[in-house]
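Notes for the one structure printed next.
Protein chains: 2
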Amino acid sequence: MPEAAGKRKAENEVNGEQPSKKGSAFNEFTGVFDGLVQDILGLLPKELPDESLAYIKKMCHYTCYGGKMTRGITVGATYADVARSRGEEPSEQAMFVAKVIGWCIEWLQACFLVLDDIMDESHTRRGQPCWYKLPEVKKMAINDGLILESCIFLLLKKHVKPYNVELYHNCVELFHEVSFQTELGQLLDMTTESPEGKLDFSRFTLERYKLIVKYKTAFYSFYLPVAAGLYLAGLTGEKDLELTKEITIAMGEYFQIQDDFLDCYGDPETIGKAGTDFWSSCQIGTDIQDKKCGWLCVQALMKCNEEQVEGIPKSVFESLLAKIYKRSK
Amino acid sequence: MPEAAGKRKAENEVNGEQPSKKGSAFNEFTGVFDGLVQDILGLLPKELPDESLAYIKKMCHYTCYGGKMTRGITVGATYADVARSRGEEPSEQAMFVAKVIGWCIEWLQACFLVLDDIMDESHTRRGQPCWYKLPEVKKMAINDGLILESCIFLLLKKHVKPYNVELYHNCVELFHEVSFQTELGQLLDMTTESPEGKLDFSRFTLERYKLIVKYKTAFYSFYLPVAAGLYLAGLTGEKDLELTKEITIAMGEYFQIQDDFLDCYGDPETIGKAGTDFWSSCQIGTDIQDKKCGWLCVQALMKCNEEQVEGIPKSVFESLLAKIYKRSK
Ligand SMILES: [Mg+2]
Ligand SMILES: [Mg+2]
Ligand SMILES: [Mg+2]
Ligand SMILES: [Mg+2]
Ligand SMILES: [Mg+2]
Ligand SMILES: [Mg+2]
Numbered sequence: 001m002p003e004a005a006g007k008r009k010a011e012n013e014v015n016g017e018q019p020s021k022k023g024s025a026f027n028e029f030t031g032v033f034d035g036l037v038q039d040i041l042g043l044l045p046k047e048l049p050d051e052s053l054a055y056i057k058k059m060c061h062y063t064c065y066g067g068k069m070t071r072g073i074t075v076g077a078t079y080a081d082v083a084r085s086r087g088e089e090p091s092e093q094a095m096f097v098a099k100v101i102g103w104c105i106e107w108l109q110a111c112f113l114v115l116d117d118i119m120d121e122s123h124t125r126r127g128q129p130c131w132y133k134l135p136e137v138k139k140m141a142i143n144d145g146l147i148l149e150s151c152i153f154l155l156l157k158k159h160v161k162p163y164n165v166e167l168y169h170n171c172v173e174l175f176h177e178v179s180f181q182t183e184l185g186q187l188l189d190m191t192t193e194s195p196e197g198k199l200d201f202s203r204f205t206l207e208r209y210k211l212i213v214k215y216k217t218a219f220y221s222f223y224l225p226v227a228a229g230l231y232l233a234g235l236t237g238e239k240d241l242e243l244t245k246e247i248t249i250a251m252g253e254y255f256q257i258q259d260d261f262l263d264c265y266g267d268p269e270t271i272g273k274a275g276t277d278f279w280s281s282c283q284i285g286t287d288i289q290d291k292k293c294g295w296l297c298v299q300a301l302m303k304c305n306e307e308q309v310e311g312i313p314k315s316v317f318e319s320l321l322a323k324i325y326k327r328s329k
Numbered sequence: 001m002p003e004a005a006g007k008r009k010a011e012n013e014v015n016g017e018q019p020s021k022k023g024s025a026f027n028e029f030t031g032v033f034d035g036l037v038q039d040i041l042g043l044l045p046k047e048l049p050d051e052s053l054a055y056i057k058k059m060c061h062y063t064c065y066g067g068k069m070t071r072g073i074t075v076g077a078t079y080a081d082v083a084r085s086r087g088e089e090p091s092e093q094a095m096f097v098a099k100v101i102g103w104c105i106e107w108l109q110a111c112f113l114v115l116d117d118i119m120d121e122s123h124t125r126r127g128q129p130c131w132y133k134l135p136e137v138k139k140m141a142i143n144d145g146l147i148l149e150s151c152i153f154l155l156l157k158k159h160v161k162p163y164n165v166e167l168y169h170n171c172v173e174l175f176h177e178v179s180f181q182t183e184l185g186q187l188l189d190m191t192t193e194s195p196e197g198k199l200d201f202s203r204f205t206l207e208r209y210k211l212i213v214k215y216k217t218a219f220y221s222f223y224l225p226v227a228a229g230l231y232l233a234g235l236t237g238e239k240d241l242e243l244t245k246e247i248t249i250a251m252g253e254y255f256q257i258q259d260d261f262l263d264c265y266g267d268p269e270t271i272g273k274a275g276t277d278f279w280s281s282c283q284i285g286t287d288i289q290d291k292k293c294g295w296l297c298v299q300a301l302m303k304c305n306e307e308q309v310e311g312i313p314k315s316v317f318e319s320l321l322a323k324i325y326k327r328s329k
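Now the structure itself:
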């Protein structure tokens with residue numbers, strides 16, 4: 001995987017960091033990635049041509065590896081916290097399973113991002129062309145999204161099932177549940193931005209904003225990794241999970257509002273190519289131009305009364321919005 | 001569901017059949033459809049706006065209902081055959097579960113067809129515009145494909161899990177396995193037809209043809225319904241399933257070869273809009289023009305020696321092929 005390795009190095013160089021600076025949790029997590037890709041390739045039918053294996057290997061490296069990988073790392077962090085709170089040392093075996101489940105979240109995200117980029121007609125993602133933009137990929141990226149999703153269940157079956165079959169069944173249902181929530185969030189998002197192609201600011205309400213964020217981002221980014229870590233620690237009680245949901249959804253909301261704020265006011269040098277918003281194309285400063293139902297736009301609309309919004313043409317409102325929320329540099 | 005009901009009637013009228021002619025297995029199977037859609041809507045989060053429910057309901061009716069539904073019906077037929085071979089009457093409860101699993105196969109197919117039509121840039125499917133072609137859908141169809149897939153696991157969890165939890169776990173893994181095989185088949189198909197956009201007849205081998213058919217069509221269309229019926233009858237032995245795989249894959253091959261033959265020589269009046277190939281755009285007679293790795297093309301290439309294929313320009317070969325295999329009417 002020379003390309004992938006090269007990219008990782010380059011990314012660190014841009015941020016002026018040494019790989020070790022990212023901390024051992026990061027290194028331990030990324031350290032199992034190549035092995036998991038090999039596991040997937042090993043599970044492919046033997047009669048498949050080599051070119052198919054090479055294609056899937058390349059796709060996994062291109063689309064799953066990158067970004068901060070906070071989601072994936074959080075599974076092990078959660079499990080270890082619970083274990084230590086009980087005065088136990090996190091077991092090595094459980095920590096490996098945590099990494100596998102963590103990578104499954106990264107694979108799930110890769111599936112969503114590959115497909116979201118097609119739907120949004122984005123050009124770049126994490127500083128490189130979107131997967132579907134590659135000439136040898138194009139429309140195949142739609143099927144590739146499904147393959148990325150299938151990899152989740154290959155990995156869970158290979159590594160989690162032999163470790164603990166009940167945990168395996170719980171994880172499978174958790175991934176089904178959260179995938180569906182994210183798909184509903186994507187549906188909400190796309191029908192808010194342009195139901196039947198028309199932009200309608202009356203849909204940009206705070207209520208709708210929160211609903212989109214909850215379903216499209218918070219469940220898979222915040223609830224899923226923490227819930228998986230709790231499962232691994234044996235905490236599967238209804239009450240624990242409900243409380244976890246409440247807290248993680250609030251964290252997701254906070255994260256997205258901050259992300260929307262930084263989209264306008266963030267310092268590109270600091271936020272850089274790594275980006276904080278995995279759903280957008282990672283370019284800073286285009287939410288308003290893209291007519292997204294973002295936090296700033298919703299706040300501006302809340303300060304207008306109905307006639308003000310109705311009375312002015314959309315294009316004027318947009319440029320007004322862009323001027324009000326003009327970037328400091 | 002006035003539109004759906006209307007369409008069903010119209011379809012029967014075109015074929016000059018009364019609904020009852022389709023047999024009671026067909027009517028019993030289709031009879032549970034509306035209830036299953038209601039189940040899905042009932043499982044959506046309560047905070048979702050009504051328009052999202054309406055959208056999902058419309059999508060299920062538009063994309064899941066139609067065609068011969070042989071796949072879905074086969075689950076119950078298989079289970080009933082095994083039960084009767086044991087001198088037992090198929091239980092009513094088990095027959096309902098068979099219909100649920102059967103509909104899950106139809107939902108899976110809907111997912112694949114919605115996405116395949118986007119990738120193939122098809123225009124029509126089962127005599128109506130492809131789902132992605134609707135102005136209120138377009139690119140959202142990609143996410144809709146994922147939602148259709150998620151519906152499978154909602155239905156299995158609601159109806160199969162309380163009936164028999166082991167059957168439920170087996171079905172979940174079976175759907176994962178077969179989905180992945182179908183995705184690999186789609187990958188094989190797309191990289192055969194135009195790896196990096198270029199047409200290369202040297203890839204149109206009999207071996208490759210069989211591999212594509214096996215993975216893209218036979219597993220989900222033939223193995224999946226029969227295996228699910230066996231599971232329901234309690235037959236989950238490795239040997240039974242291996243034998244089932246062997247037989248159903250051979251059936252799938254036969255089906256696809258016949259389908260390819262009919263694409264060229266079939267009588268449009270007989271085959272009509274119902275179509276036999278769920279992967280193609282259901283228009284008869286365009287496989288050769290579409291440069292598909294079809295049975296006739298593979299057979300023609302087997303009659304040419306290498307120099308013959310190498311020596312003539314592709315376009316000449318294609319028109320030759322079209323002339324050799326010219327339709328009788
Ligand atoms: Mg998007
Ligand atoms: Mg953003
Ligand atoms: Mg996007
Ligand atoms: Mg196709
Ligand atoms: Mg055909
Ligand atoms: Mg097609």
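Going down the list, the protein sequences come from chains A and B. Letter by letter, the first sequence follows residues 1 to 329 of the UniProt record's numbering. Letter by letter, the second sequence follows residues 1 to 329 of the UniProt record's numbering. Idealized CB from N, CA, C, for every residue including glycine.
Given residue i as reference, the closest of the options once Cα atoms are compared
i: residue 348(B); options: 213(B), 264(B), 261(B) and 321(B); result: Shown here, chain B extends from 1 to 329; a query on residue 348(B) therefore has no answer.
i: residue 286(B); options: 120(B), 41(B) and 84(B); result: 120(B)
i: residue 334(B); options: 251(B), 292(B) and 244(B); result: Chain B is shown from 1 up to 329; residue 334(B) falls before or after that span and cannot be answered.
i: residue 352(B); options: 160(B), 256(B) and 77(B); result: Lying before the first or after the last residue shown, residue 352(B) is absent from chain B, which here runs from 1 to 329.
i: residue 133(B); options: 122(B), 126(B) and 288(B); result: 122(B)
i: residue 227(A); options: 160(A), 86(A), 76(A) and 188(A); result: 76(A)
i: residue 247(B); options: 232(B), 233(B) and 223(B); result: 223(B)
i: residue 207(A); options: 37(B), 24(B), 33(B) and 47(B); result: 47(B)
i: residue 160(A); options: 151(A), 146(A), 138(A) and 100(A); result: 100(A)
i: residue 336(B); options: 318(B), 316(B), 233(B) and 138(B); result: No answer is possible for residue 336(B): the residues shown for chain B start at 1 and end at 329.
i: residue 63(A); options: 113(A), 152(A) and 215(A); result: 113(A)
Assigned exposure category for residue i - 16 Cβ within 10 Å defines buried
i: residue 142(A); result: buried
i: residue 167(B); result: buried
i: residue 55(B); result: buried
i: residue 225(B); result: buried
i: residue 50(B); result: exposed
i: residue 31(B); result: exposed
i: residue 308(B); result: exposed
i: residue 320(B); result: exposed
i: residue 279(A); result: A caution first: residue 279(A) carries a pLDDT of 38, below 50, which makes its placement in the model too unreliable to give a value.
i: residue 91(B); result: exposed
i: residue 42(B); result: exposed
i: residue 190(A); result: buried
i: residue 302(A); result: exposed
Paired residues, beta bridge with residue i - DSSP
i: residue 128(A); result: 125(A)
Separation of residue j from residue i, as counted between CA atoms
i: residue 173(B); j: residue 300(B); result: 40 Å
i: residue 116(A); j: residue 237(B); result: 41 Å
i: residue 136(A); j: residue 58(A); result: 11 Å
i: residue 329(A); j: residue 265(A); result: Here the model assigns residue 329(A) a pLDDT of 38, short of 50, so the residue's position is not dependable, and the following value carries that caveat. Their Cα atoms are separated by approximately 9 Å.
i: residue 259(A); j: residue 177(A); result: 25 Å
i: residue 205(A); j: residue 192(A); result: 10 Å
i: residue 157(B); j: residue 298(B); result: 43 Å
i: residue 149(A); j: residue 111(A); result: 6 Å
i: residue 218(B); j: residue 245(B); result: 9 Å
i: residue 98(A); j: residue 124(A); result: 30 Å
i: residue 109(A); j: residue 295(A); result: 23 Å
i: residue 78(B); j: residue 86(A); result: 52 Å
i: residue 29(A); j: residue 72(A); result: 8 Å
i: residue 80(A); j: residue 70(A); result: 15 Å
i: residue 96(B); j: residue 74(B); result: 13 Å
i: residue 169(B); j: residue 127(B); result: 37 Å
i: residue 253(B); j: residue 27(A); result: 48 Å
i: residue 165(A); j: residue 68(B); result: 38 Å
i: residue 289(A); j: residue 129(B); result: 33 Å
i: residue 140(A); j: residue 89(B); result: 47 Å
i: residue 104(B); j: residue 242(B); result: 22 Å
I'd like the ranges of any alpha helix (DSSP H) spanning at least 4 consecutive residues and lying wholly in the region 152 to 199 of chain A. Listed in chain order, the complete alpha helix (DSSP H) runs (minimum 4 residues) inside the region 152 to 199 of chain A are 165 to 193.
Which runs of the alpha helix (DSSP H) fall wholly inside the region 39 to 66 of chain A and span at least 4 residues, in chain order? Those alpha helix (DSSP H) runs which fall completely within the region 39 to 66 of chain A and span 4+ residues are 50 to 64.
Quick one: which unbroken alpha helix (DSSP H) runs of 4-plus residues sit fully inside the region 191 to 261 of chain B? Chain order, please. Fully enclosed alpha helix (DSSP H) runs of no fewer than 4 residues occupy 206 to 213 and 224 to 232 of the region 191 to 261 of chain B, in order along the chain.
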